[in-house]
Amino acid sequence: VTHMTEAPPPAKEQPKPSFQNLRAPEGRGYYAALGLEFGCAQTDIQKRYKKLALQYHPDKAGASAENIDRFQEATTAYSVLNSEESRDAYWEMYKLRCYLHQGPAAEDLGQALAPFYVFHVRKQEKTGLYQERMLSLDLVEGCIQNWKKDEAHRQVPLSEIKAIKATGDTSITILFKTLHDYKLQAESPSQQAMLLGILQMASHKDHVP
């Protein structure tokens, strides 16, 4: 009788990470699936997966529905977290979910700033046409993240902002020191005022009338 002595490796060929296949099960993220916390070492991920794989592998622990589900959950989590590219993409997706569950930004800009904000905007392209975008502000890391079709497109440090100005009832232009300007359209005048105020305070720049 041959006994298993090590955890079976994940499938040799894993699909390229994307926003869709990085979605963890509702209420249980990939770190939680392995019993780990964000920021843990790569060796912890590998050790934890090996332990869970040995514990729940159907050929070793029995082919019960629970064992199969737990083994598949651990293997899926490991396939994402063991790759630096997919792990970073999962972290960006996780932060975006935090933004979306945070609710609308408070209209009272006199209060302390929240760590994260997200705005649905329309961004003007070089062709002059506007495209739907999502603009997230991470005040913990001090950056603006531009999302295009559910994927992180460009991250810009807040320190790169030179000025912010209103160019219409709902239009905003963000001028950068070394990058091309962002020409945006907010969903409403109130959203425009909120975005201007938050960016002004976050970047410590005077508003350009």
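Residue numbers for the sequence shown follow the numbering used here, so the first one is 120 and each next one is one higher. Here a beta-carbon is modelled for each residue, glycine too, at the ideal position from N, C-alpha and C. No experiment lies behind these values; they were computed from the predicted model shown.
Status (buried if at least 16 other CB within 10 Å, exposed otherwise) for Q264: For this step, residue 264 is matched to residue 145 along the sequence shown. The residue in question, Q264, is buried, as its Cβ has 16 or more Cβ neighbours within 10 Å.
Beta-carbon separation (whole angstroms), K242 vs Y301, contact threshold 8 angstroms: As a first step, residue 242 is located in the sequence shown; it is residue number 123 there, counting from the start. As a first step, residue 301 is located in the sequence shown; it is residue number 182 there, counting from the start. Sure, about 7 angstroms apart at Cβ, within 8 angstroms.
Local Cβ density within 10 Å of Q310, reported as buried at 16 or more and exposed below that: Residue numbering aside, residue 310 sits at position 191 when the sequence shown is read from its first letter. Buried, since its Cβ has 16 or more Cβ neighbours within 10 Å.
Continuous beta strand (DSSP E) assignments of at least 3 residues falling wholly in the region 256–316: Listed in chain order, they are 262–267, 270–276, 280–285, 290–295, 301–304.
Chain-order list of residues whose beta-carbon lies under 6 angstroms from that of S322 (same chain, five-residue window excluded): Indexing the sequence shown from 1 puts residue 322 at position 203. Cβ within range, chain order: L277, I280.
Host beta strand (DSSP E) of K179 (start-end): Against the sequence shown, residue 179 aligns to sequence position 60. Note, K179: premise wrong, no beta strand (DSSP E); alpha helix (DSSP H) at 177–180.
V259 burial status per 10 Å Cβ neighbour count (16 or more: buried): Residue numbering aside, residue 259 sits at position 140 when the sequence shown is read from its first letter. Counting Cβ neighbours within 10 Å, V259 comes out exposed, since fewer than 16 surround it.
M253 and V275 closer than 9 angstroms at C-beta: Along the sequence shown, read from residue 1 onward, the residue named residue 253 stands at position 134. Along the sequence shown, read from residue 1 onward, the residue named residue 275 stands at position 156. Inclusion of M253 and V275 in the CB contact set at 9 angstroms is not warranted, their separation being larger than that value.
Rounded C-alpha distance that separates D163 from Y149: Your numbering for residue 163 matches position 44 in the sequence shown. Your numbering for residue 149 matches position 30 in the sequence shown. C-alpha separation (whole angstroms): 13 angstroms.
Per-residue burial, D288 [other beta carbons within 10 Å of its own, 16 or more giving buried]: As a position in the sequence shown, residue 288 is number 169, starting the count at 1. By the neighbour-count rule (16 or more Cβ atoms within 10 Å), D288 is not buried but exposed.
Spatial distance of Y249 from A193 (CA atoms): Locating residue 249 in the sequence shown gives position 130, counting from the first residue. Locating residue 193 in the sequence shown gives position 74, counting from the first residue. The C-alpha of Y249 lies about 42 angstroms from the C-alpha of A193.
Straight-line Cα distance separating Q174 from K166: Sequence index remark: in the sequence shown, residue 166 carries index 47 (1-based). Sequence index remark: in the sequence shown, residue 174 carries index 55 (1-based). Approximately 12 angstroms between the Cα atoms of the pair.
Between the CA atoms of E211 and S202 - distance to the nearest angstrom: Counting from 1 along the sequence shown, the entry for residue 202 is found at position 83. Counting from 1 along the sequence shown, the entry for residue 211 is found at position 92. Computed Cα separation, rounded: 14 angstroms.
Separation of V199 from Y209, as counted between CA atoms: Here residue 209 corresponds to residue number 90 of the sequence shown, with the count starting at 1. Here residue 199 corresponds to residue number 80 of the sequence shown, with the count starting at 1. Roughly 8 angstroms separates the two Cα atoms.
Nearest-angstrom Cβ-Cβ length linking A282 and L315, presumed shorter than 8 angstroms: Against the sequence shown, residue 282 aligns to sequence position 163. Against the sequence shown, residue 315 aligns to sequence position 196. In fact, because the Cβ distance is near 11 angstroms, the residues do not count as touching under 8 angstroms.
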